[in-house]
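Just so we're aligned: 312 in UniProt numbering is position 312 of the sequence shown, and the numbers increase by one with no gaps anywhere. For every residue, glycine included, the Cβ atom is placed at its ideal position computed from N, Cα and C. Quick notes on the structure that follows.
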Amino acid sequence: MKAGIVGANGYSGVELIRLLLNHPQIKLEMLIAHSTQGMEIQSIYPHLNGIVEKTLEEFDADELAARVDVVFFATPAGVSKDLLPECLKRGLICIDLSGDFRLKNPQDYADWYHKDPAEQVLLNDAVYGLAEINRQQIEGATFISNPGCYPTAALLGLAPVLKNDVIDLQSIIVDGKSGVSGSGKKAALGNLFCEVNESVLAYKLGQHQHTPEIEQMISEISGEKNAITFTTHLIPMTRGLLCTTYANLKKGFSTRELLEHYEKFYEKSPFVRIRPLGTWPATKEVLGSNFCDIGLNVDGRTRRLTIVSVIDNVVKGAAGQAVQNLNIIKGWDEQTGLAFTPIYP
Ligand SMILES: NC(=O)C1=CN([C@@H]2O[C@H](COP(=O)(O)OP(=O)(O)OC[C@H]3O[C@@H](n4cnc5c(N)ncnc54)[C@H](OP(=O)(O)O)[C@@H]3O)[C@@H](O)[C@H]2O)C=CC1
Ligand SMILES: CC(=O)N[C@@H](CCC(=O)OP(=O)(O)O)C(=O)O
Numbered sequence: 001m002k003a004g005i006v007g008a009n010g011y012s013g014v015e016l017i018r019l020l021l022n023h024p025q026i027k028l029e030m031l032i033a034h035s036t037q038g039m040e041i042q043s044i045y046p047h048l049n050g051i052v053e054k055t056l057e058e059f060d061a062d063e064l065a066a067r068v069d070v071v072f073f074a075t076p077a078g079v080s081k082d083l084l085p086e087c088l089k090r091g092l093i094c095i096d097l098s099g100d101f102r103l104k105n106p107q108d109y110a111d112w113y114h115k116d117p118a119e120q121v122l123l124n125d126a127v128y129g130l131a132e133i134n135r136q137q138i139e140g141a142t143f144i145s146n147p148g149c150y151p152t153a154a155l156l157g158l159a160p161v162l163k164n165d166v167i168d169l170q171s172i173i174v175d176g177k178s179g180v181s182g183s184g185k186k187a188a189l190g191n192l193f194c195e196v197n198e199s200v201l202a203y204k205l206g207q208h209q210h211t212p213e214i215e216q217m218i219s220e221i222s223g224e225k226n227a228i229t230f231t232t233h234l235i236p237m238t239r240g241l242l243c244t245t246y247a248n249l250k251k252g253f254s255t256r257e258l259l260e261h262y263e264k265f266y267e268k269s270p271f272v273r274i275r276p277l278g279t280w281p282a283t284k285e286v287l288g289s290n291f292c293d294i295g296l297n298v299d300g301r302t303r304r305l306t307i308v309s310v311i312d313n314v315v316k317g318a319a320g321q322a323v324q325n326l327n328i329i330k331g332w333d334e335q336t337g338l339a340f341t342p343i344y345p
């Protein structure tokens with residue numbers, strides 16, 4: 001199968017190159033960027049020297065359709081909503097890593113991304129690519145909207161307790177911490193080493209674009225409307241994302257009981273690993289891998305559940321989940337091209 005990447009010289013794009021070069025079913029055929037069109041990828045990323053000969057070319061849906069079978073969009077919000085429909089029309093499998101097609105209500109996109117939304121029919125057609133939860137919808141699909149990094153970690157942590165009245169859905173607080181690669185390669189003010197190093201920053205309080213995405217999926221799983229408190233923090237590390245999620249329990253479950261429930265819930269999901277009682281995951285333990293590791297604690301005193309979930313934001317939070325979704329679409333083993341252990345230390 002031949003693949004193209006739009007936004008190939010960004011952090012998610014170059015991670016897709018790494019993964020797809022090692023995927024036995026994929027041939028990387030076209031790399032498309034924007035400001036670096038016509039340049040050899042090796043001149044932008046020397047570590048790819050000798051591995052990828054392709055140049056970065058201008059976006060042309062006809063040429064893409066003639067040369068590839070699947071196209072990944074690793075572009076900022078507001079780009080794929082104009083370019084991706086042309087690829088869909090030409091029968092390409094489209095997997096979008098941006099937020100352009102995640103929110104089913106176009107007004108939510110306009111309100112939280114401050115950009116013009118895609119057409120409703122396209123939003124309805126996109127399958128939300130949270131692989132472990134929407135696996136059946138993803139099978140055979142041709143249009144995937146890949147989740148954001150924070151929603152991936154938060155929702156995989158919450159999914160097992162969103163039904164059967166286990167938690168009070170109105171009590172959910174998601175506290176996210178992300179490494180700086182989550183911002184992308186643009187050296188924007190606030191992402192420079194001297195500003196980020198040896199500091200922790202809370203940002204976008206009450207206005208993070210992943211808020212409606214998380215609430216939308218909580219509603220889809222639980223059938224109930226909800227409003228979460230969601231806070232994000234910038235952590236002085238390159239990769240890694242940790243969500244600490246809090247919720248009031250409606251029933252008196254123990255930590256051990258819930259861990260057993262999580263183990264069963266994810267027993268057929270090779271990329272979700274549940275930590276033993278009394279241990280909680282660190283981002284370094286999933287670095288460079290497609291794993292999401294989850295740990296729990298029930299505080300009997302407050303009757304509150306705490307969920308700790310970690311991912312590599314560029315892998316499971318973006319490129320890895322996109323490849324996992326392609327594996328599911330094609331009916332390949334879900335771990336194809338992704339079955340490697342984390343890089344440690
Ligand atoms: N970083 C992360 O951890 C995660 C990112 N995402 C999402 O993935 C997408 C990519 O993120 P990330 O890789 O971090 O971003 P980067 O800023 O690192 O890269 C963005 C890429 O898009 C390209 N681009 C911009 N405009 C266009 C255009 N009009 N046509 C073609 N290419 C264009 C840029 O090319 P050029 O440099 O030449 O302009 C660059 O290669 C974003 O939507 C982001 O929100 C989702 C989950 C996690
Ligand atoms: C550290 C950092 O800046 N992270 C970014 C994550 C961007 C992202 O992945 O979100 P979309 O795909 O929805 O744009 C943020 O918090 O906005």
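Let's see if you can read the secondary structure: which residues bound the beta strand (DSSP E) around Asp62? First-last for Asp62: Ala61 to Arg67, but that is the alpha helix (DSSP H), not the beta strand (DSSP E).
Ile235 and Val174 closer than 8 Å at C-beta: no
Any heavy atom of ligand 1 closer than 7 Å to the Cβ of Val314? yes
Is the beta carbon of Ile144 less than 8 Å from the beta carbon of Asn22? no
Through-space distance from Lys177 to Cys243, alpha-carbon basis: 6 Å
Does the CB of Asn164 have a neighbour CB from chain E at under 8 Å? No chain E is present in this structure, which holds just one protein chain.
Lys54 and Ile167: beta carbons closer than 8 Å? With a cutoff of 8 Å on beta-carbon distance, Lys54 and Ile167 are scored as not near each other.
Nearest-angstrom beta carbon gap, Asp96 and Asn146 [assumed within contact, 8 Å]: With 8 Å as the limit, Asn146 and Asp96 qualify as a contact, their Cβ atoms being about 6 Å apart.
For the candidate residues Lys104, Pro76 and Leu64, whose alpha-carbon lies nearest to that of Leu88? Leu64
Is it buried or exposed for His233, if we count other Cβ within 10 angstroms and need 16 for buried? exposed
With 16 other CB atoms within 10 Å as the buried threshold, where does Thr152 fall? buried
Flag this pair as touching only if the segment 72-82 and the segment 124-138 have three or more C-beta atom pairs under 8 Å; answer yes or no. no
Compute every distance between the C-beta of Thr232 and the non-hydrogen atoms of ligand 2, then say whether any falls below 7 Å. yes
If you pair each beta-carbon of the segment 212-231 with each one of the segment 286-293, do three or more pairs fall below 8 Å? The segment 212-231 vs the segment 286-293: no contact.
Using 8 Å for Cβ pairs, my map puts Gly38 next to Leu56. What's the rounded Cβ distance? Yes, Gly38 and Leu56 are in contact; Cβ-Cβ is about 6 Å, under 8 Å.
Ala118 versus Gly295 - alpha carbon distance: A straight line joining the alpha-carbon of Ala118 with that of Gly295 spans about 37 Å.
In the DSSP assignment, find the unbroken alpha helix (DSSP H) run with Phe265 in it and report its ends. Per DSSP, the continuous alpha helix (DSSP H) segment holding Phe265 begins and ends at Thr255 to Phe265.
When we look at the beta-carbon of Pro160 and count the other beta-carbons within 10 Å, is it buried (16 or more) or exposed? It counts as buried.
Taking 7 Å as the cut-off, is the CB of Val71 close to at least one heavy atom of ligand 2? no
Is the closest heavy atom of ligand 2 to the C-beta of Cys149 under 7 Å? yes
Is Leu28 near Ala66, with beta carbons less than 8 Å apart? no
DSSP-derived helix/strand/coil call for Ala154: Correct three-state label for Ala154: helix.
For Tyr246 versus Thr306, is the C-beta spacing smaller than 8 Å? yes
If you reduce the DSSP assignment to three classes, tell me which class His208 lands in. Looking at His208 - three-state DSSP - the assignment turns out to be coil, as it is neither helix nor strand.
Quick one: complete alpha helix (DSSP H) runs, 4+ long, within the segment 89-174? 106-113, 120-125, 135-138 and 149-158
Quick check on the DSSP output: the alpha helix (DSSP H) that includes Ser12 runs from which residue to which? Residues Tyr11 to Leu21.
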